[in-house]
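Trainee: Residue numbers (full-length UniProt numbering): 1 to 283. This structure is in structure tokens; I'll ask about it shortly.
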Amino acid sequence: MNAVSSALTRGLALLYIALLVLIPVGGLLLKVADRPPALLWAAITNPVAVATYQLTLVAAIAASGINCLFGLVLAWILERYAFAARRLANALVDLPFVMPAAVAGITLAVLYGPEGPLGPFLAPGTLLGGFLKALGLSEVRLAYSQAGVVLAMIFVTLPFAVRTLQPVIAQIEPETEEAALSLGASPLQTFWRVLLPEILPALLTSFALCFARGVGEYGAAVLISGNIPYESLITSVYIYQRLEEYDYTGATAVSLVLLVFSLAVLVGINLLESWSRRADANR
């Protein structure tokens, strides 16, 4: 009876995965296989499409790196310090999870747009704008630019960084740091030699998760990036534009490229998790 129940449970789990993941992916692959290879290659290597790949990858890497840095700081503060608004701050970390993507995009565009409350701080006549101008940046825009793409990705991927790092930080005993400091190590040496080896696997996993989420971002980015070809158009928005123009071959071909990106990141995440488990076992 237990064997039958176990087999039924596994079968239902596999069926669920097949309905949600395998069948849609298989349908995409069948759609691609039905098209002439030359036509698919032309769609994949279209100059506009290639520009979207480059921007999407660079923006996702930049957003992931920024979130790993500030996500580590935020996770450390939430786990190690007690303050009045700690619960509220901890809850706000999950806001990008529950906020509709369109609402997030509109919020960012309103806040950082030229007429928004934060956008004018970058104008040439302001202190920050003058500093940026001295650096040779005559016009800096967060909204409707490549910076807007990075900003949208930072917003939607922040929870992945913080929530991946928090459990690891919680497991590090404060006595470990105190022992290193009492033995004469500086705070920087303590972080570099004692804390970083403990955090590094989770830090790499958080980077991979942020990158995977950022590559597929659409809802927030479409409203704040401007979607200008060769400038601020990302791959997911480009796919939607192809569909709007009834170019199903182009949309399918570029979707395949994103699928390959996603699978590569998934393999990387699994390898990082395996490395993390081995590192934990060896400690």
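C-beta: ideal position from N, C-alpha, C; glycine also. No experiment lies behind these values; they were computed from the predicted model shown.
Assuming V215 and A60 are in contact, meaning their beta carbons sit under 8 Å apart, how far apart are those beta carbons, in whole angstroms?
Mentor: 5 Å
Trainee: For S182, name the three-state secondary structure that DSSP assigns.
Mentor: helix
Trainee: Would you grab the beta carbon distance between V162 and V93 for me? Rounded to a whole angstrom, and I think it's under 8 Å.
Mentor: Yes, they are in contact, since the Cβ atoms of V162 and V93 sit about 5 Å apart, within 8 Å.
Trainee: Is A75 helix, strand or coil by DSSP?
Mentor: For A75, the three-state secondary structure derived from DSSP is helix.
Trainee: Going by C-alpha distance, which of C210, I199, V257 is nearest N46?
Mentor: Residue V257 holds the alpha-carbon nearest to the alpha-carbon of N46 among C210, I199, V257.
Trainee: Is the Cβ-Cβ distance between A75 and L188 less than 8 Å?
Mentor: no
Trainee: Using the beta-carbon count (16 or more within 10 Å), is N270 buried or exposed?
Mentor: exposed
Trainee: Does the Cβ of F83 have 16 or more other Cβ atoms within 10 Å, making it buried, or fewer, making it exposed?
Mentor: exposed
Trainee: To the nearest angstrom, report how far apart L231 and T190 are at their CA atoms.
Mentor: It should be pointed out that residue 231 corresponds to Glu in this sequence rather than to Leu. Approximately 43 Å, taken between the alpha carbons.
Trainee: F211 lies in the alpha helix (DSSP H); which residues open and close that run?
Mentor: In this chain, the alpha helix (DSSP H) harbouring F211 covers 196-215.
Trainee: Could you give the distance in angstroms between the alpha-carbon of L181 and the alpha-carbon of E175?
Mentor: Going from the Cα of L181 to the Cα of E175 covers about 10 Å.
Trainee: Check whether the Cβ atoms of V32 and T252 lie closer than 8 Å to each other.
Mentor: yes
Trainee: Helix, strand or coil: how does DSSP classify G226 here?
Mentor: Reduced to three states, the DSSP call for G226 is coil.
Trainee: Of the choices L55, R10, V50, Y16, whose alpha-carbon is the least far from that of S225?
Mentor: L55
Trainee: Looking at C-alpha atoms only, which residue of L158, P201, A221, Y240 is the closest neighbour of F70?
Mentor: Nearest of L158, P201, A221, Y240 to F70, Cα basis: L158.
Trainee: Are A104 and A212 closer than 8 Å when you measure CB to CB?
Mentor: no
Trainee: Among residues of its own chain, excluding the 5 on either side of E177, which ones have a beta-carbon nearer than 8 Å to its beta-carbon?
Mentor: T190, V194, L195
Trainee: Should V254 and I44 be called a contact, given that it needs their Cβ atoms to be closer than 8 Å?
Mentor: It is a contact, given that the beta carbons lie within the stated cut-off.
Trainee: Identify the continuous alpha helix (DSSP H) that holds P100 and give its terminal residues.
Mentor: Premise fails: P100 is in no alpha helix (DSSP H) and is neither H nor E.
Trainee: Which residues in the same chain as R80 place their Cβ atom closer than 8 Å to its Cβ, once the five residues preceding and following it in sequence are excluded?
Mentor: I169, P174
Trainee: Just the Cα atoms here: how many angstroms apart are L108 and R10?
Mentor: 43 Å
Trainee: How many angstroms separate the CA atom of I17 from the CA atom of L30?
Mentor: 18 Å
Trainee: Let me make sure I understand the geometry here. Which of R278, L223, S262, A152 has the alpha-carbon closest to that of A202?
Mentor: R278
Trainee: Are I239 and V149 touching if we call contact CB-CB under 8 Å?
Mentor: no
Trainee: Suppose only complete runs of 4+ residues qualify. What are the alpha helix (DSSP H) ranges in the stretch 137-176, listed by chain order?
Mentor: For the stretch 137-176, whole alpha helix (DSSP H) runs of length 4 or above, ordered along the chain, are 146-171.
Trainee: Could you give the uninterrupted runs of the beta strand (DSSP E) lying entirely in the stretch 6-49, keeping only those of 3 residues or more?
Mentor: none
Trainee: Straight-line CA distance for I77 to I154?
Mentor: 19 Å
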